[in-house]
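>
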Amino acid sequence: ALPRTAPHCNTLQHTVADTEKICLAEMKQLKNKFKSQGISINDVFAALMTMTLRAYYQEIGDPISSGTIRLAFAINSRSVSKAESHGNQVITSQFTCDFDYKDPVELLYKIKHQTDKLKSAMYGDVIRLKITKFFLPFVPKTSALDMILDYNGVSTGIFSNVPGPQRPVKLMGQTVEDLSFYALAPIGLYFGIITYNGRVSAGIVTSSETLKDPSKLARHWGRCWKDLQKAVDIAESQGRLLSPPPPPVPWPPGA
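For the sequence shown, the numbering used here begins at 3 and goes up steadily by one.
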């Protein structure tokens, strides 16, 4: 289930599951404890997602629970000057879920280091998008589709983080009680984090080839949030909350 690399699925049969909802204000309160270290709310989201995935792998006894997997994510690179134009200029990048951590506080700092590197490397992703758009018209459509799917297949799955309205909204006069985000593309795993009306949750989609019952993954979300809160409280009481570990040594050296 949820293999380390998942070439594009041969089926469009997917199953969805939603996690329980967490108070956004509580997550911001936890994030603010690391304010001097620059940890963002998105870092907290990524840590919780990583913990959820590791807990699932540990439950099924998969050795990858002490290793790493990669998740692709999309970024809209459309400039502010073109905000009135339609459509997004999407680039994709890779996020590494590193399951080799001693406690969730260490994980938060690992993610902060990784997101800082991702931000600085985004220019390369933009260049790759421009090159792809230039050559794509010269490639047969069927081959282009296979190339795109195979490129995304080097990742275990895809994740997104969508900020929704933080007040109740109405549709045709009816209050929208809940929002979920799903992607039913030919991928093995989609992990869609969304905030709406002061709550944070995730919509999880898996194909029948990877995990037939995504609720087995989703049920760890709330438990891991409690573990994260507990770990932060313990680190704070021990005076080590704002003592980040040294950044990981790149391999090969100089990378």
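All C-beta atoms in this analysis are idealised placements derived from N, C-alpha and C, irrespective of residue type, glycine included.
Give the list of continuous beta strand (DSSP E) stretches no shorter than 3 residues that lie fully inside the stretch 170 to 209.
Runs of the beta strand (DSSP E) inside the stretch 170 to 209: 191 to 198, 201 to 209.
> Taking 7 Å as the limit between beta carbons, can you name the residues of its chain near Pro246, skipping five residues before and five after?
Excluding residues within five positions, the ones whose Cβ falls inside 7 Å are Gln39, Tyr111.
> Check this for me: beta carbons of Ala19 and His222, under 8 Å apart or not?
No, they are not a contact pair.
> Have a look at Pro106, Gly69, Cys99, Ile71 and flag the residue whose alpha-carbon is nearest the alpha-carbon of Arg225.
The shortest C-alpha separation from Arg225 is found at Pro106.
> Do Ile41 and Lys114 have their beta-carbon atoms positioned less than 8 Å apart in this structure?
For Lys114 and Ile41, yes; Cβs fall inside 8 Å.
> Could you give the distance in angstroms between the alpha-carbon of Ile327 and the alpha-carbon of Phe140?
Absent from the structure is residue 327, since the part of the chain shown begins at 3 and ends at 257.
> Assuming Asn199 contacts Pro167 (C-beta within less than 8 Å), just tell me the rounded distance between them.
At roughly 7 Å, the Cβ-Cβ gap stays under 8 Å, so Asn199 and Pro167 are in contact.
> Within the same chain, show all residues whose beta-carbon is closer than 6 Å to that of Val178, passing over the 5 residues directly before and after it, in chain order.
The answer, listed in chain order, is Val171.
> Tell me whether Gly241 is buried or exposed, calling it buried when 16 or more other Cβ atoms sit within 10 Å of its Cβ.
Classification of Gly241: exposed, given that the 10 Å Cβ count is below 16.
> Could you tell me the alpha carbon to alpha carbon distance between Ala3 and Gly175, rounded to whole angstroms?
The pLDDT assigned to Ala3 is 49, lower than 50, so where the model puts this residue is not dependable; a value taken from the coordinates is nonetheless given after this. Going by the C-alpha atoms only, they are around 43 Å apart.
> In angstroms, rounded to a whole number, what distance separates the CA positions of Leu181 and Gly205?
Taking the straight line joining both Cα atoms gives about 9 Å.
> List the residues that DSSP assigns as beta-bridge partners of Thr21.
BP columns for Thr21 are empty, so no partner.
> Compute the distance between the beta-carbons of Lys35 and Val234, then report whether it is under 8 Å.
Yes, the pair counts as a contact, with Cβ atoms nearer than the cut-off.
> With DSSP run on the structure shown, which of helix, strand or coil describes Arg242?
Note: Arg242 maps to coil in three-state DSSP.
> Along the chain, where does the beta strand (DSSP E) containing Asp45 start, and where does it finish?
From DSSP, Asp45 is part of no beta strand (DSSP E) but of the alpha helix (DSSP H) over 43 to 62.
> According to the Cβ coordinates, are Ile43 and Trp227 closer than 8 Å?
Cβ distance not < 8 Å, so Ile43 and Trp227 don't count as in contact.
> Figure out for me which residue from Ile93, Val202, Thr212 has the closest Cα to the Cα of Tyr192.
Closest option to Tyr192, Cα to Cα, is Thr212.
> Can you have a look at Gly63 and say buried or exposed, based on whether 16 or more other CB atoms are within 10 angstroms of its CB?
Classification of Gly63: exposed, given that the 10 Å Cβ count is below 16.
> How about Phe161 and Leu73: do their beta carbons lie closer than 8 Å?
It is a contact, given that the beta carbons lie within the stated cut-off.
> In terms of residue numbering, what span does the beta strand (DSSP E) encompassing Asp118 cover?
Counting along the chain, Asp118 falls outside any beta strand (DSSP E), though it belongs to the alpha helix (DSSP H) covering 106 to 122.
> Could you give the distance in angstroms between the alpha-carbon of Ser239 and the alpha-carbon of Leu230?
Their Cα atoms are separated by approximately 14 Å.
> Check for me: the alpha helix (DSSP H) holding Ser217 runs from which residue to which?
Looking at the DSSP string, the run of the alpha helix (DSSP H) that includes Ser217 is 217 to 220.
> Using CA atoms only, rank isn't needed, just tell me which of Ser68, Ser122, Lys121, Asp118 is closest to Cys99.
That would be Ser68, whose Cα lies nearest to the Cα of Cys99.
> Provide the residue span of the alpha helix (DSSP H) that contains Gln31, from first to last.
Per DSSP, Gln31 belongs to the alpha helix (DSSP H) from 26 to 34.
> Taking the alpha carbon of Val46 as the point to measure from, which residue in Ala220, Ala146, Asp102, Val202 has its own alpha carbon closest?
Out of Ala220, Ala146, Asp102, Val202, Val202 has the C-alpha closest to the C-alpha of Val46.
> Span of the beta strand (DSSP E) holding Gly159?
Unbroken beta strand (DSSP E) run through Gly159: 159 to 165.
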